[in-house]
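Structure first, commentary second.
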Amino acid sequence: MHNSILTSPQPTPAAAPRPRFDLALLWRAYSYLRPKARVTVGAYAATIGVIGMNLALPQFIRWIIDAGILGAQPAVLGWAVLGLLVLTLVKGVLVYGQGRWTEVASQHVAYTLRNDLQRKLTELSFAFHNQSEAGELLSRAMQDVERIRFLTGRATLRLLESALLFGGTGVLLVWMNPGLALIALVILPVLGVVALSYGRRFRPLSLDIQRQMATLTTRVEQSLRGGRVVRAFAQETGEIERFDRENERWFTLSRESVRLQAINLPLLLLIANLGTIAVLWLGGQQVIGGQLTIGELVAFTTYLAQFVNPMRLLGLVIPAIAMASSSAERIFEILDTTATVHDTPDAQPLGRVEGNLRFESVSFSYAHRPVLKDIDFEARPGQAIALFGPTGSGKSSIVNLIPRFYDPTSGRITLDGHDLRTVTLNSLRSQIGTVLQETTLFAGSVRDNIAFGRPGASEAEIVAAAQGAQAHDFIERMSHGYDTRVGERGVTLSGGQRQRLAIARTLLLDPRILILDDATASVDSETERLIGLALERVMQGRTTFIIAHRLSTIRRADLILVLDHGRIRARGDHATLLQNSRFYAQLVQKQIRSEAQ
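Per the working numbering, residue 2 is the first one in the sequence shown, and the count goes up by one each step.
Laid out in structure tokens, this is it:
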């Protein structure tokens with residue numbers, strides 16, 4: 002289990018400092034609307050229509066009051082009411098189109114962003130994932146994408162709607178009554194200053210909230226993944242307390258966010274209402290003096306509400322844009338990350354290989370720490386190579402270089418004479434099968450797990466692979482045979498059963514190079530025997546690299562590389578090394594004592 006279960010999660014490495022509103026990032030987010038350009042244009046056209054209705058409706062109300070009601074003209078009243086009804090129905094249709102098309106376009110943005118993130122996270126090398134936390138990445142893929150979706154949808158629509166309504170209403174206010182319009186114009190700078198000040202304070206706070214939510218997601222994910230260890234060490238109370246501390250920090254930040262909104266939104270309304278009160282008082286005086294009709298005052302106050310409303314909406318939209326700006330920064334940080342291991346522009350597909358692998362003066366450093374130094378050896382086709390040495394000697398680093406999970410710092414690795422860096426990753430890895438000590442299975446059926454590397458494999462091929470891996474018999478005894486669901490990470494199976502399914506998965510892939518990373522560790526003797534039979538079947542005709550501690554596995558190797566502190570200290574078969582390498586003999590004696598306990 003990862004140590005982070007027992008310690009507070011750390012922020013993602015290279016967390017960027019808080020920037021101000023980044024228009025380039027926002028514009029890049031909007032570019033995801035391009036495939037739905039027609040739908041987006043339709044939504045904004047409908048918005049313009051809705052604004053036109055909003056600007057026309059107060060004039061109809063004025064006409065109804067002045068000409069129809071006060072003028073005592075039933076015919077005018079009837080036609081005006083009918084016109085008002087038609088306008089209302091048209092507005093309803095436009096609002097429907099506006100909402101539906103906006104959601105279609107913005108949901109497509111979320112769909113595309115999540116696909117891009119998934120593709121990028123799948124392509125990024127181990128160096129990236131070793132420094133990242135699953136909960137942090139999940140938060141970006143879900144919460145941050147949702148905020149971008151809201152930005153490119155309703156938030157921007159409301160912003161455009163507010164801007165056009167503000168401009169159109171301002172023109173009509175000045176046209177109807179310049180004196181009263183001046184009162185509305187006086188309060189605008191005050192509203193603008195308050196709204197913008199709110200946005201500047203809210204954005205860094207929203208970024209902190211998003212980061213803390215990612216920390217919470219990481220904590221939950223690690224607690225679920227390590228639930229058995231937590232219970233085995235009686236750390237339920239400790240885990241609850243650690244989560245509570247992180248949750249309390251999120252609550253504190255969220256409470257501050259609510260406090261800012263609770264102060265600023267009512268303040269905006271207060272300033273706007275003060276303007277409305279002043280207009281009603283002065284306008285009322287003009288109505289009494291005969292300078293203004295009641296219908297005109299009603300229309301003017303309706304326009305005034307529409308005039309102030311955009312400023313109020315600004316208080317709602319600015320936080321959404323602030324949060325989306327933070328989210329865009331976090332999402333594009335991943336999308337712009339360059340994989341340390343990738344196909345070169347001139348990389349060629351690797352054809353079917355024989356399996357001749359050479360390490361030529363290979364050195365490797367991880368995070369500026371030397372791990373391997375001047376590794377030289379050749380593995381011939383069909384040969385079994387055992388990597389043997391104390392913990393931290395570099396065994397796993399060697400096998401991680403073969404499928405290019407990492408690239409050497411210096412030197413080169415060739416397969417049938419091809420430098421691994423000159424061939425495509427997919428063609429290389431499709432010819433390498435790996436069976437790890439910690440087997441990873443996926444929530445799904447036994448059949449799906451065996452066919453993971455070859456989704457199009459036939460039933461006969463899947464069964465043959467299971468038989469070769471000594472797994473067919475126990476699969477047949479399961480409740481639904483090959484259709485039995487194994488549960489997340491295969492927790493419903495024993496360790497030996499998981500290993501044999503992993504071997505079947507590798508056997509179905511039919512790789513030319515096989516990597517066995519301590520595949521028989523931590524199992525009983527009978528299970529080891531079954532796994533050993535399966536491995537013998539898999540190893541036939543394949544170049545095999547074995548990381549093992551059990552002597553029964555090491556003895557079967559054609560060549561044993563004895564590693565110590567990242568160097569090859571000795572090489573040869575078991576008998577030769579016992580005679581010529583004191584270091585190897587000491588390791589063997591230590592292993593014999595360990596297996597005897």
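For every residue, glycine included, the Cβ atom is placed at its ideal position computed from N, Cα and C.
Whether Leu442 touches Val487 by CB criterion (8 Å): On the sequence shown, position 441 is the one that residue 442 refers to. On the sequence shown, position 486 is the one that residue 487 refers to. In contact: Leu442 and Val487 (Cβ atoms closer than 8 Å).
Euclidean distance between Cα positions of Ala38 and Pro311: Mapped onto the sequence shown, residue 38 falls at position 37. Mapped onto the sequence shown, residue 311 falls at position 310. Near 26 Å, if we compare the C-alpha coordinates of Pro311 and Ala38.
Contiguous beta strand (DSSP E) assignments of at least 3 residues, all confined to the region 480-520: Listed in chain order, the complete beta strand (DSSP E) runs (minimum 3 residues) inside the region 480-520 are 514-518.
Sequence-distant residues of its chain with Cβ nearer than 8 Å to Ile319 (five each side left out): Numbered from 1 along the sequence shown, position 318 holds the residue referred to as residue 319. Contacts found: Ala196, Leu197, Tyr199, Gly200, Phe203.
C-alpha distance - Glu247 paired with Gln144, whole-angstrom precision: On the sequence shown, position 246 is the one that residue 247 refers to. On the sequence shown, position 143 is the one that residue 144 refers to. The straight-line gap from Cα to Cα measures roughly 18 Å.
Uninterrupted alpha helix (DSSP H) stretches inside the region 33-65 (no shorter than 4 residues): Taken in chain order, the complete alpha helix (DSSP H) segments of 4 or more residues contained in the region 33-65 are 38-64.
Candidates Ile295, Thr123, Ile49, of which the one nearest Ile70 by Cα: Taking the first residue of the sequence shown as position 1, residue 70 is located at position 69. Closest option to Ile70, Cα to Cα, is Ile295.
Validate contact between the region 434-454 and the region 469-487 using beta carbons, cut 8 Å, 3 pairs: Flag = yes, the region 434-454 and the region 469-487 touch.
DSSP beta-bridge partners of Phe360: Position 359 of the sequence shown, counting from 1, holds the residue named residue 360. According to DSSP, Phe360 bridges with Phe378, Ile414.
Short Cβ contact (8 Å threshold) for Glu567 with Pro512: Walking along the sequence shown from the start, residue 567 turns up at place 566. Walking along the sequence shown from the start, residue 512 turns up at place 511. Reading off the sequence, residue 567 comes out as Gly, not Glu. Between Gly567 and Pro512, the CB-CB gap reaches or exceeds 8 Å.
Environment of Ala576 [buried if 16+ CB atoms lie within 10 Å]: Position 575 of the sequence shown, counted from the start, is the residue given in the question as residue 576. Here Ala576 is exposed: its Cβ has fewer than 16 other Cβ atoms, across all protein chains shown, within 10 Å.
Nearest candidate by alpha-carbon position, reference Val94, set Ile66, Ala46, Gln60, Asn357: As a first step, residue 94 is located in the sequence shown; it is residue number 93 there, counting from the start. Among Ile66, Ala46, Gln60, Asn357, the Cα nearest to that of Val94 is on Ala46.
Residues near Ser107 in its chain [Cβ-Cβ closer than 6 Å; skip 5 each side]: Mapped onto the sequence shown, residue 107 falls at position 106. Excluding sequence neighbours, Ser107 sits near Arg150, Thr153, Gly154.
Bridge partners - Gly285, DSSP secondary structure assignment: For the purposes of this step, residue 285 is identified with residue 284 of the sequence shown, where counting begins at 1. According to DSSP, residue pairing for Gly285 in a beta bridge does not occur.
Cβ-based burial, Gln541 [other Cβ within 10 Å; buried from 16]: For the purposes of this step, residue 541 is identified with residue 540 of the sequence shown, where counting begins at 1. With fewer than 16 other Cβ atoms within 10 Å, it is exposed.
Option nearest Val354 by Cα separation, candidates Leu261, Arg141, Asp377, Ser431: Numbered from its first residue, the sequence shown carries residue 354 at position 353. With distances taken between Cα atoms, Val354 lies closest to Ser431.
Host beta strand (DSSP E) of Phe389 (start-end): Start at 1 with the first residue of the sequence shown, and residue 389 comes out as number 388. Counting along the chain, the unbroken beta strand (DSSP E) around Phe389 starts and ends at 385-389.
Rounded distance between the beta-carbons of Arg538 and Ala329, thought under 8 Å: Counting from one through the sequence shown, the residue named residue 329 turns up at place 328. Counting from one through the sequence shown, the residue named residue 538 turns up at place 537. In fact, because the Cβ distance is near 52 Å, the residues do not count as touching under 8 Å.
Exposed unless 16 or more other CB atoms sit within 10 angstroms - verdict on His109: Start at 1 with the first residue of the sequence shown, and residue 109 comes out as number 108. Label assigned to His109: buried.
N-terminal and C-terminal residue of the beta strand (DSSP E) that Leu562 is part of: As a first step, residue 562 is located in the sequence shown; it is residue number 561 there, counting from the start. Unbroken beta strand (DSSP E) run through Leu562: 560-565.
Residue of Leu56, Ala558, Ala81 minimising C-alpha distance to Ala68: Here residue 68 corresponds to residue number 67 of the sequence shown, with the count starting at 1. Each of Leu56, Ala558, Ala81 was checked against the Cα of Ala68, and the nearest Cα belongs to Ala81.
Buried or exposed (CB count within 10 angstroms, at least 16 for buried), Trp102: Position 101 of the sequence shown holds residue 102. The residue is buried, with at least 16 neighbouring Cβ atoms inside 10 Å.
Three-pair Cβ contact test at 8 Å for the region 386-395 versus the region 554-565: They touch, by the three-pair rule.
Range of the contiguous beta strand (DSSP E) that encloses Leu437: Counting from one through the sequence shown, the residue named residue 437 turns up at place 436. Taken as a continuous stretch (DSSP letters only), the beta strand (DSSP E) holding Leu437 covers 433-437.
Sufficient close CB pairs (3 or more, under 8 Å) joining the region 493-502 to the region 388-406: No, the region 493-502 is not in contact with the region 388-406.
Leu281 versus Phe301: straight-line alpha-carbon distance, rounded: Counting from one through the sequence shown, the residue named residue 281 turns up at place 280. Counting from one through the sequence shown, the residue named residue 301 turns up at place 300. Rounded to the nearest angstrom, the two C-alpha atoms are 9 Å apart.
Alpha carbon of Val342 to alpha carbon of Ala466, nearest angstrom: The count along the sequence shown starts at 1 and reaches residue 342 at position 341. The count along the sequence shown starts at 1 and reaches residue 466 at position 465. Approximately 31 Å, taken between the alpha carbons.
Limits of the beta strand (DSSP E) - the one that Thr544 falls within: For the purposes of this step, residue 544 is taken as the residue at position 543 of the sequence shown. 544-548 is the extent of the beta strand (DSSP E) around Thr544.
Counted within 10 angstroms of its Cβ, other Cβ atoms place Val42 as buried (16 or more) or exposed: The residue given as residue 42 occupies position 41 in the sequence shown. An exposed status is given to Val42, since fewer than 16 other beta-carbon atoms sit within 10 Å of its beta-carbon.
Bounding residues of the alpha helix (DSSP H) (the contiguous stretch that carries Ile399): Counting from 1 along the sequence shown, the entry for residue 399 is found at position 398. Bounds of the alpha helix (DSSP H) holding Ile399 are 396-402.
Segment contact flag, the region 393-408 with the region 544-552, C-beta cutoff 8 Å, min 3 pairs: Counting C-beta pairs closer than 8 Å gives three or more between the region 393-408 and the region 544-552, which meets the contact rule.
Close beta carbons around Gly445, own chain, < 8 Å, minus the five adjacent residues each side: In the sequence shown, counting from the first residue as 1, residue 445 sits at position 444. Result list for Gly445: Arg486, Val487, in chain order.
Spatially closest choice to Thr123 from Ala340, Ala586, Glu361, by CA coordinates: Here residue 123 refers to the residue found at position 122 when the sequence shown is read from its first residue. Answer by Cα proximity: Ala340.
For Trp347, the nearest candidate out of Leu426, Asp565, Arg583, Ala458 (CA to CA): Numbered from its first residue, the sequence shown carries residue 347 at position 346. The sequence shown places Asp at residue 347, rather than the Trp named in the question. Residue nearest to Asp347 within the set Leu426, Asp565, Arg583, Ala458 is Leu426 (criterion: CA-CA distance).
Assigned exposure category for Val187 - 16 Cβ within 10 Å defines buried: The sequence position of residue 187 within the sequence shown is 186, counting from 1. Counting Cβ neighbours within 10 Å, Val187 comes out exposed, since fewer than 16 surround it.
Short Cβ contact (8 Å threshold) for Thr493 with Thr423: Against the sequence shown, residue 493 aligns to sequence position 492. Against the sequence shown, residue 423 aligns to sequence position 422. Taking 8 Å as the Cβ cut-off, Thr493 and Thr423 do not qualify as a contacting pair.
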